[in-house]
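Same order as they appear, the protein sequences are chains S and B. Residues in the first sequence are numbered consecutively from 1, following our numbering. Residues in the second sequence are numbered consecutively from 1001, following our numbering. For every residue, glycine included, the Cβ atom is placed at its ideal position computed from N, Cα and C. Every value quoted in this text rests on a predicted model; they were computed, and no experiment measured them. Below is one structure, written out as structure tokens; the observations come after it.
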Amino acid sequence: MGKIEIPLGPQHPALEEPESFNLLLQGERVAAATVALGYNHRGMEKACESRTYIQNIYLLERICGICSHSHSTCYVQTVEQIAGVRVPERALYIRTLIGELERIHSHLLWLGIAGHEIGFMTLFMCSWKDREVVMDILEMLTGNRVNYGMNTIGGVRRDITPEQAEEVLKALDVLEERTKYYTKVATEEVTIISRLSGVGKLSNEDGLRLGAVGPVLRASGVARDVRKDDPYAAYANLDFKVATDEHADVFGRTVVRVLELMESYKICRQVLKEMPDGSISVKVPGKVPAGEAMSRYEAPRGEDLHYVKANGTDMPERVKVRAPTLANLAAITHMIEGGYLADVPIVIAAIDPCFSCTDRMVKVTDLKTGGEKKFDWDGLRRYSIDFYAKRGVDFRNTSIGKEER
Amino acid sequence: MEKEASILQEIAKRFISLEGAGLIPAERRIYLEVPQEIFMDVIKFAAKELGFKHLCTITGMDSASCFEFIYHISNDDGIVLNLELKAQKENPVISSVLPVYNGAVFYERELEGMLGVKVSGLPEGRQYPLPDNWPAGQFPLRKDWKPDKTAKEEGPDGKN
């Protein structure tokens, strides 16, 4: 049988972000794969060298639209270590809370993407609808849906009031209930099991050998988690399990992420219960003494690493960032090889490569009149219900029409 | 910080020239500068015999007099051993750690692309992370490199 070489990307409907795979096909199977990256390179490490430590928090927060808190926390931890700052306990608990809420939103988002990639659109719609619950909570606590701007060197920028904590607890109950249902779907639904089992295999040895991180590695049976192994923020004081699975395929990665959601709810409740009183930040001088430090953070996608070298001024000498997706890319070519071409999109999606989601304000242009109108989420929802009512599909008296968010 | 100290002792026992070297600035953090001649032996020893099986990443930087590379490797206790390697500024060459850490390919390509250091033993492949049409001999992470703010980006068809 002849071999055919086909490119997948950098722009391809199956990929959420530009990256390029060169696949050598033998029949329907991938005989060899190479990956080319760098299409999103923005020169941030160089840019950090000409910005102050404070400016860099906001720059580095924008590395990713989803793990934004992960990157900013990892960076401030590194700078705090060089400056010898003792961060107030309360700030560490708040960082942990935002970090876990971020993990919840990221994993729910991933579950939707996985559903989308395998044509299970109901799962996609449901999990993204539920994800809005945690997005609203994040917006309430930080003022933003993404790029929360919570961290600063020496602590956090906003406190959490008892009323806000109440709201978070209520939302956690809703999310936990829904996640129990997703756990059932992910582990019992025949469509998911037969579509994902045996796809994108990564053995325990290969995962370790190729330096995989996060849920990808944990789904191959390795209980490696920075929150446990190299604890930061408040994790050393919290009780949680590291979710692992032995399936070592895309199915296993799904199970691990759903189990991690359940652990995250547990962590959030503990944080809210045990959060000590006190100040939320200490003042740190703009100039950081010469020195170097590195810090690790368990982002939703796995181990994130920042290294900073300080030269005694208010700008760093060098900032190095290694995001988790890069660590998983050596494993991805291995997972694609030997599998079917049709499985490539879900195998790539299963490492959960990063991409951004942003604003939700919608500008609608009326094509007939040319007029423009702005909607918020509830407004758009009411508009769509009225729109269909005029055309004979009346949702107004059903649960969809009544359910006010 | 007994575990950290005993790791340094183990290394010093095997490589006598490293006796007394190394710093433990914080819990679970070890920094050790290793001369280029024994670097591959030390990293192999740490990976195979001391349990530092995971290469987190490699940091490369341009110091005033030389290029510095830090190999951040970690073990199951969450300890990160930062092995520091120096290379001369003129025609810098370092050896690839791919035989020890099979997943290191992108980390080493990044060193080649951003700092212009030759990594011997790295297989042929597309450069990372700079684009294919990036001018030769331009290495953004070198301290003497400054972005040309007047240059316009050229599209694939030769137009802007």
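Think of a sphere of 7 Å around the beta carbon of Arg-322(S): the chain B residues whose beta carbon falls inside it are Cys-1056, Thr-1057, in chain order.
Per DSSP, the beta bridge partners of Val-156(S) are Asn-151(S). Lys-1143(B) sits in coil when the DSSP states are folded into three classes, being neither helix nor strand. Burial check for Lys-309(S): the Cβ neighbour count within 10 Å reaches 16 or more, so the residue is buried. Membership of Ile-192(S) in the alpha helix (DSSP H) is indicated by the continuous run 190–196.
Here Glu-61(S) is near Ser-72(S), since their CB atoms are less than 8 Å apart. Per DSSP, Ile-137(S) is one residue of the alpha helix (DSSP H) stretching across 121–142. Where Phe-1039(B) is concerned, the enclosing alpha helix (DSSP H) starts and stops at 1036–1048. A check of alpha carbon separations from Gln-81(S) across Arg-1028(B), Ala-1087(B), Ser-1006(B) identifies Arg-1028(B) as the nearest. For a Cβ distance threshold of 9 Å, residue set Gly-38, Tyr-39, His-41 of chain S lies close to Pro-1131(B), ordered along the chain. A distance below 6 Å between beta-carbons, with the five flanking residues on each side excluded, links Met-1061(B) to the following residues of its chain, in chain order: Glu-1068. For Gly-214(S), the enclosing alpha helix (DSSP H) covers residues 214–218.
Excluding the 5 residues flanking it on each side, Gly-1116(B) has same chain C-beta neighbours closer than 8 Å at Pro-1092, Gly-1137, Phe-1139, Arg-1142, in chain order. Rounded to the nearest angstrom, the Cβ distance from Thr-96(S) to Val-271(S) is 5 Å, consistent with a contact under 8 Å. Each residue's CA atom was taken as its position, placing Ala-1021(B) and Lys-1013(B) some 12 Å apart.
Here Lys-320(S) is buried. Its C-beta has 16 or more other C-beta atoms within 10 Å. Against chain B, the CB of Arg-253(S) has no partner CB under 8 Å away; the residue lies outside that interface. The C-beta distance from Asn-1082(B) to Ile-1030(B) rounds to 7 Å, short enough to meet the 8 Å contact threshold. Under DSSP, Arg-1029(B) takes part in a beta bridge, and its partners are Ala-1026(B), Val-1080(B). Here Thr-1059(B) carries a strand assignment [DSSP, helix/strand/coil]. Here DSSP, grouped into helix, strand and coil, assigns Gly-1020(B) to coil. Put simply, the CB of Lys-1053(B) is near chain S, with a gap under 8 Å to one of its CB atoms. Interface criterion met: the Cβ of Ala-1026(B) is under 8 Å from a Cβ in chain S. The DSSP assignment places complete alpha helix (DSSP H) segments of no fewer than 4 residues inside the segment 314–344 of chain S at 324–336, in order along the chain. Contacts with chain B at 8 Å (Cβ-Cβ) include Gln-81(S). Judged by DSSP in its simplified three-state form, Leu-1115(B) adopts helix. Using a Cβ-Cβ cut-off of 8 Å, Leu-1085(B) does not count as an interface residue toward chain S, since no Cβ of chain S sits closer than that to its own. Note on geometry: alpha-carbon atoms of Ile-160(S) and Leu-1050(B) lie some 44 Å from one another. DSSP places Pro-7(S) within a strand segment (E or B) once states are collapsed to three. In the structure shown, the three-state DSSP call for Thr-34(S) is strand.
For Leu-1018(B), none of the residues of chain S pass the 7 Å Cβ criterion, the least Cβ distance being about 19 Å.
In terms of Cβ geometry, Arg-257(S) and His-107(S) form a close pair [threshold 8 Å]. Thr-179(S) sits away from Arg-158(S), with the two beta carbons spaced by 8 Å or more. Taken through DSSP and simplified to helix, strand or coil, Asn-22(S) comes out as strand. Residue pairing by DSSP places Glu-177(S) in no beta bridge whatsoever.
Taking Glu-139(S) as the centre and dropping the five residues before and after it, the same chain places the C-beta of Arg-145 closer than 6 Å to its C-beta, in chain order.
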